[in-house]
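Encoded as structure tokens, the structure appears first; notes follow it.
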Amino acid sequence: MPEEVIQAMVEASKTFVDIHQLQKTVGQRLAELTRNEAAYVSCGAATGLLLATAALKEIKKRLVSVFHNGENLNEVIVQKMHRNSYDYAILEAGASIWKSAINIRPFPMNWKMP
0 MPEEVIQAMV EASKTFVDIH QLQKTVGQRL AELTRNEAAY VSCGAATGLL LATAALKEIK
60 KRLVSVFHNG ENLNEVIVQK MHRNSYDYAI LEAGASIWKS AINIRPFPMN WKMP
């Protein structure tokens, strides 16, 4: 290992960081920068999908009385061409996957992010 890496590790070891507080603070700042009510930095794409699906299932409980029309609200739509091994993260959260065979455009072609 290069000497400068070892030295950086030694210096970093002299400082204490409460990882839970750091994660909370980073999430708050990221939410502020992206103009969202909350944000969370996950350790990878699969974890992000798992957490997002779980959060949506929790939100679903509140929306059932307003929007429920008898259809399954535990389904996640995934375009068929985007199916991959990350699908397991969605399934792990207890949702099922509904495969869309068509290319769905959620926004018009000329849509720009505000």
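Using numbering that gives the first Met the number 0, you'd call the opening residue of the sequence shown number 0 and step up by one each time.
The beta-carbon is built from N, C-alpha and C at its ideal position, and this holds for glycine as well.
Computed from a prediction, not measured in an experiment: that's the story for all the values here.
Residue i to residue j span [Cα, whole Å]
{"i": "Asn35", "j": "Arg28", "result": "10 Å"}
{"i": "Lys79", "j": "Ile89", "result": "15 Å"}
{"i": "Ser99", "j": "Val77", "result": "6 Å"}
{"i": "Thr125", "j": "Asn83", "result": "Any property of residue 125 remains undetermined from this structure, which presents the chain solely from 0 to 113."}
{"i": "Trp97", "j": "Thr52", "result": "14 Å"}
{"i": "Pro1", "j": "Leu21", "result": "28 Å"}
As assigned by DSSP and simplified to three states, the class of residue i
{"i": "Glu57", "result": "helix"}
{"i": "Val75", "result": "strand"}
{"i": "Lys23", "result": "helix"}
Check whether residue i and residue j have beta carbons under 7 Å apart
{"i": "Leu48", "j": "Tyr85", "result": "yes"}
{"i": "Ala38", "j": "Ala30", "result": "yes"}
{"i": "Val16", "j": "Val40", "result": "no"}
Any chain B beta carbon closer than 7 Å to residue i
{"i": "Arg28", "result": "The chain inventory of the structure shown lacks chain B, comprising one protein chain alone."}
Just checking, does the region 91-99 make contact with the region 38-58 on the three C-beta pairs under 8 Å criterion?
yes
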